[in-house]
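Engineer: Sending over a structure as structure tokens; questions will come in a sec.
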Amino acid sequence: MAIDLEVAKQLAHASCASLSGDLLEAENCWIFFNERRGDFAVAVSISGQVSHVYDFRDNPEMMQDYLMMFSAYCSGDEARAGELYREFMRRYYADELSPRT
1194 MAIDLEVAKQ
1204 LAHASCASLS
1214 GDLLEAENCW
1224 IFFNERRGDF
1234 AVAVSISGQV
1244 SHVYDFRDNP
1254 EMMQDYLMMF
1264 SAYCSGDEAR
1274 AGELYREFMR
1284 RYYADELSPR
1294 T
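Under my numbering, the first residue of the sequence shown carries the number 1194, and numbering increases by one thereafter.
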């Protein structure tokens, strides 16, 4: 059974009492943000699973890509989530993933 935004907010608040008013919404999840930027965010899936996730608000494009990746994960589509994860890592962490010489 899918939850709605109000239930998701309650679950997020139970995990982090200092939520800001910022939130992102995707097909399969919401991401709520801590008042302290960059600290962490709280993701709630439409099934009610709560997770602490990264806060990339300082890079809106990266945050949007992360939201789409997490939404795919919440959907249960492991192949799509894996594909988006690999693309995310290539796009934002290519230097760290390169072999050292």
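Quick reminder that beta carbons are idealized off the backbone N, C-alpha and C, glycines included.
Below 8 Å between beta carbons: does that hold for S1208 and V1243?
Structural biologist: The residue given as residue 1208 occupies position 15 in the sequence shown. The residue given as residue 1243 occupies position 50 in the sequence shown. It is a contact, given that the beta carbons lie within the stated cut-off.
Engineer: Which residue or residues does DSSP assign as beta-bridge partners of E1218?
Structural biologist: Here residue 1218 refers to the residue found at position 25 when the sequence shown is read from its first residue. Answer is W1223, bridged to E1218.
Engineer: Tell me whether the beta-carbon of D1248 lies closer than 8 Å to the beta-carbon of D1232.
Structural biologist: Along the sequence shown, read from residue 1 onward, the residue named residue 1248 stands at position 55. Along the sequence shown, read from residue 1 onward, the residue named residue 1232 stands at position 39. Contact flag set, yes.
Engineer: Could you check what DSSP says for A1195 in three-state terms: helix, strand or coil?
Structural biologist: As a working mapping, residue 1195 is identified with position 2 in the sequence shown. Three-state DSSP puts A1195 in coil, outside helix and strand.
Engineer: What I want to know is whether the C-beta of L1277 ends up closer than 7 Å to one or more non-hydrogen atoms of the ligand ZN.
Structural biologist: For the structure depicted, the ligand ZN is absent and the ligand set is empty, with no information on it obtainable.
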